[in-house]
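Enquirer: My questions all concern the structure below.
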Amino acid sequence: VTPAPARITSTDPHEVLRRVFGYDAFRGEQQAIVEQVVAGGDALVLMPTGGGKSLCYQVPSLVRPGVGVVVSPLIALMQDQVDALRALGVRAGFLNSTQNPDERRDTEAAFLSGELDLLYLAPERLRVESTLRLLDRGTVALFAIDEAHCVAQWGHDFRPDYLMLSQLHDRWPDVPRIALTATATEATRTEIAQRLQLTGARHFVASFDRPNIQYRIVGKNEPRKQLLDLLRSEHAGDAGIVYCLSRKSVEQTAEFLSAQGMTALPYHAGLDAGVRRRNQSRFLREDGVVMVATIAFGMGIDKPDVRFVAHLDLPKSVEGYYQETGRAGRDGAPSTAWLAYGMADVVQQRKMIDDSEGDAAHRRRLGQHLDAMLALCETVECRRAQLLGYFGQEPTGDARKCGNCDTCLTPVTTWDGTVPAQKVLSTVWRLKNERRQSFGAVHVIDILLGKRTPKIEQFDHHELSVFGVGSDLTEPQWRGVIRQLVARRLLEVGGPHSTLQFTDESPAAMRGEQKVLLRTEPERAARSRRSSSG
Ligand code: ADP
Ligand code: ZN
102 VTPAPARITS TDPHEVLRRV FGYDAFRGEQ QAIVEQVVAG GDALVLMPTG GGKSLCYQVP
162 SLVRPGVGVV VSPLIALMQD QVDALRALGV RAGFLNSTQN PDERRDTEAA FLSGELDLLY
222 LAPERLRVES TLRLLDRGTV ALFAIDEAHC VAQWGHDFRP DYLMLSQLHD RWPDVPRIAL
282 TATATEATRT EIAQRLQLTG ARHFVASFDR PNIQYRIVGK NEPRKQLLDL LRSEHAGDAG
342 IVYCLSRKSV EQTAEFLSAQ GMTALPYHAG LDAGVRRRNQ SRFLREDGVV MVATIAFGMG
402 IDKPDVRFVA HLDLPKSVEG YYQETGRAGR DGAPSTAWLA YGMADVVQQR KMIDDSEGDA
462 AHRRRLGQHL DAMLALCETV ECRRAQLLGY FGQEPTGDAR KCGNCDTCLT PVTTWDGTVP
522 AQKVLSTVWR LKNERRQSFG AVHVIDILLG KRTPKIEQFD HHELSVFGVG SDLTEPQWRG
582 VIRQLVARRL LEVGGPHSTL QFTDESPAAM RGEQKVLLRT EPERAARSRR SSSG
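Residue numbering for the sequence shown follows the UniProt record's numbering, starting at 102 and increasing by one per position.
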């Protein structure tokens, strides 16, 4: 057993910052936050990933008498966090379900005898009365509630155990609390403050802009090939993360990239814990490793030189997207956030929402999250402006064009898609009455393009008046039209065969009563420029 290091004591936050952490100055609002908490006040801190949230509670924990208690859902990372602090001479420990009773008893004893500066706690420990009594018997310097958005049901990462945290205030009204999160819209922020009873807390809202990240969202055609092109042409030898929705797709994509000569490793919750640990540590320690992962990977991963984050599937919410892409470029160097998205993503996500457990309100919330994500995908405005607007930080004036996202770099125009929309909707309308069968987007496009496929002949769909009326657009363009109609709920996809169906808004659009402005797909832009110059 190594002896616990002697406590580095100081009542001066700057001295602690320098002597313990080795930094010369606080960054951004860190100093104001530290002062607020040291003085015994509550704080709600909204800071993007990489902004430096940890110091905001670590420094006050060392300055104030007693032990800083940090509630964190990141159980898998507690050991690493504690090791890192111990390496700096900070006396840290944790309590979570991965420990055996002896380890737990040792930590509890250290807490009670004043031999700890920081104690990390899994939220479910607070369900146990003995933990609460333990905290009563020691001196708590502050409560830090990390990943505080987990308390918000509106958010994308709700954890029921977090609801227990409201009792901190009732039981220890004099202990300051600092809640921290990297993802918070106005709605989530309000809910955090309310559920944690942070009524008198000062709010610190850092800028959510990550200027060195270039945001790009492209139509999904051949995702793996598109990804490979991106990695070869712009990120050869770079470290990065590729997010996929399913475990199977994680494994296939990792194999595909490996076969192309890259160091690509899989990571998902279904893999053996040893494999996960090994892959994670290779990603952190070696250069140029591509981690192909589900969203199970990444929370709390602090690797500064992640040069790209690629999504092969649509994230469920803007908050999730922002958090995942935020893992790129923590060192401030240019980085890419790239997302490929297609109609199948919308169909799949809507289906997952329909099938999800929970009440109608819950499903409605998921639907709203998805709609906001789709709006970001389909915007013709600056992506960054749209993202920041979502977090309540709408840029004004010249800042509305960031110059470092795809829509700023290659401006996207809209075109009047009223007539093409009518063609699609009329086709869907005519197919609607054929109850025996269900027809998806592929079949609708075949009809519009006038293709005599076996399925079309089988149902005599070449006899329909809409057969061949869509030869003015190409197949990818029709896919783009249908995807956008679905994204805007002018059409929906349902049933086991992903049938295109009418929504309440479809009839008006079919009659041409509603003007439908569509995003010009990049291929179409190139095409119309050529045809207008010829
Ligand atoms: P967050 O939790 O907000 O994602 P971290 O607390 O992990 O961010 O900090 C991100 C990185 O910035 C870390 O490597 C940390 O050491 C560094 N950092 C934080 N504050 C400062 C500072 N005042 N000066 C220099 N580096 C800092
Ligand atoms: Zn922009």
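We treat Cβ as the ideally placed atom computed from N, Cα and C, and that holds for glycine. Here the structure is a predicted model, which is why all the values come from computation and not from measurement.
Determine the DSSP secondary structure at Met179, reduced to helix, strand or coil.
Expert: To locate residue 179, count along the sequence shown from 1; it is residue 78. Here Met179 sits in helix by DSSP.
Enquirer: Where does the unbroken beta strand (DSSP E) through Ile342 begin, and where does it stop?
Expert: The residue labelled residue 342 in the question sits at position 241 within the sequence shown. It spans 341-344 - the beta strand (DSSP E) in which Ile342 sits, taken as one unbroken run.
Enquirer: Taking 7 Å as the cut-off, is the C-beta of Tyr221 nearer than that to any heavy atom in the ligand ADP?
Expert: The count along the sequence shown starts at 1 and reaches residue 221 at position 120. No, Cβ of Tyr221 sits at least 7 Å from all heavy atoms of the ligand ADP.
Enquirer: Between which residues of its own chain and Leu475 is the CB-CB distance below 7 Å, once the five residues before and five after are set aside?
Expert: Position 374 of the sequence shown, counted from the start, is the residue given in the question as residue 475. Same-chain partners within the cutoff: Val447, Ala588.
Enquirer: Nearest to Ala193 by alpha carbon, out of Leu175, Asp203, Leu163, Glu323?
Expert: Within the sequence shown, residue 193 is the residue found at index 92, counting from 1. Checking every option, the nearest Cα to that of Ala193 belongs to Leu163.
Enquirer: Any residues whose CB sits closer than 5 Å to a heavy atom of the ligand ZN? List them in chain order?
Expert: Qualifying residues, in the order they occur: Cys483, Arg485, Cys503, Cys506, Cys509.
Enquirer: Is it right to say Arg631 is buried, meaning 16 or more other beta carbons lie within 10 angstroms of its own, or is it exposed?
Expert: Start at 1 with the first residue of the sequence shown, and residue 631 comes out as number 530. Because the pLDDT at Arg631 is just 35, under 50, the model does not fix this residue reliably, and the point stays unresolved.
Enquirer: Give the secondary structure of Cys483 by DSSP, where H, G and I count as helix, E and B as strand, and everything else as coil.
Expert: What you label residue 483 is simply residue 382 of the sequence shown in a count that begins at 1. Of the three classes helix, strand and coil, the one that applies to Cys483 here is coil, per DSSP.
Enquirer: Is it the case that the CB of Ala360 approaches a heavy atom of the ligand ADP more closely than 7 Å?
Expert: Here residue 360 is taken as the residue at index 259 of the sequence shown, counted from 1. No, the Cβ of Ala360 stays beyond 7 Å of every heavy atom of the ligand ADP.
Enquirer: On the DSSP letters alone, give me the boundaries of the alpha helix (DSSP H) that Pro202 sits inside.
Expert: Counted from its first residue, the sequence shown places residue 202 at position 101. Where Pro202 is concerned, the enclosing alpha helix (DSSP H) stretches over 202-213.
Enquirer: Have a look at the DSSP bridge pairing and note the partners of Thr282.
Expert: Within the sequence shown, residue 282 is the residue found at index 181, counting from 1. According to DSSP, Thr282 bridges with Leu147.
Enquirer: Does the beta-carbon of Phe492, which I'm using as the reference point, lie nearer than 7 Å to any heavy atom of the ligand ADP?
Expert: Here the question's residue 492 lines up with position 391 in the sequence shown. For the ligand ADP, not one heavy atom lies less than 7 Å from the Cβ of Phe492.
Enquirer: Measuring straight from C-alpha to C-alpha, what distance separates Phe603 and Pro367?
Expert: Along the sequence shown, read from residue 1 onward, the residue named residue 603 stands at position 502. Along the sequence shown, read from residue 1 onward, the residue named residue 367 stands at position 266. Whole-angstrom Cα-Cα distance: 40 Å.
Enquirer: In angstroms with no decimal places, state the Cα-to-Cα distance between Leu186 and Leu156.
Expert: Along the sequence shown, one-based indexing puts residue 186 at 85. Along the sequence shown, one-based indexing puts residue 156 at 55. Taking the straight line joining both Cα atoms gives about 11 Å.
Enquirer: Identify the residues that DSSP records as bridge partners of Ile593: which are they?
Expert: One-based indexing of the sequence shown puts residue 593 at position 492. Residue identity check: residue 593 is Glu in the sequence provided, not Ile. Gln602.
Enquirer: I'd like to check one pair, Phe212 with Val168: are the Cβ atoms closer than 8 Å?
Expert: Position 67 of the sequence shown, counting from 1, holds the residue named residue 168. Position 111 of the sequence shown, counting from 1, holds the residue named residue 212. Going by C-beta atoms, Val168 is nearer than 8 Å to Phe212.
Enquirer: Looking at Lys417 and the ligand ADP, is the gap between the Cβ and the nearest heavy atom below 7 Å?
Expert: As a working mapping, residue 417 is identified with position 316 in the sequence shown. Checking the Cβ of Lys417 against the ligand ADP gives no.
Enquirer: Per DSSP, which residues does Cys506 bridge with? Please list them.
Expert: Taking the sequence shown and counting its residues from 1, one reaches residue 506 at position 405. Looking at the DSSP assignment, Cys506 forms a beta bridge with Tyr316.
Enquirer: Would you mind stating whether Arg553 and His563 have Cβ atoms separated by less than 8 Å?
Expert: Translated into the one-based positions of the sequence shown, residue 553 becomes position 452. Translated into the one-based positions of the sequence shown, residue 563 becomes position 462. Cβ atoms of Arg553 and His563: closer than 8 Å.
Enquirer: Whole-angstrom Cβ separation of Lys404 and Ala340, contact assumed at under 8 Å?
Expert: In the sequence shown, counting from the first residue as 1, residue 404 sits at position 303. In the sequence shown, counting from the first residue as 1, residue 340 sits at position 239. Indeed they touch by this definition, with Cβ atoms about 7 Å apart.
Enquirer: Taking Asp499 as the reference, give the member of Ala486, Gly301, Thr511, Glu209 with the closest Cα.
Expert: Here residue 499 refers to the residue found at position 398 when the sequence shown is read from its first residue. Minimum Cα distance to Asp499 is reached at Ala486.
Enquirer: May I ask you to report which of helix, strand or coil DSSP gives Pro104?
Expert: For this step, residue 104 is matched to residue 3 along the sequence shown. Note that Pro104 scores 48 on pLDDT, short of 50, meaning its location in the model is unreliable; the coordinates nonetheless yield the value given after this. Note: Pro104 maps to coil in three-state DSSP.
Enquirer: I think Val139 touches Arg165, with their Cβ atoms under 8 Å apart; what is that distance to the nearest whole Å?
Expert: Locating residue 139 in the sequence shown gives position 38, where the first residue counts as 1. Locating residue 165 in the sequence shown gives position 64, where the first residue counts as 1. Right, the Cβ-Cβ distance comes to about 6 Å (below 8 Å), so this counts as a contact.
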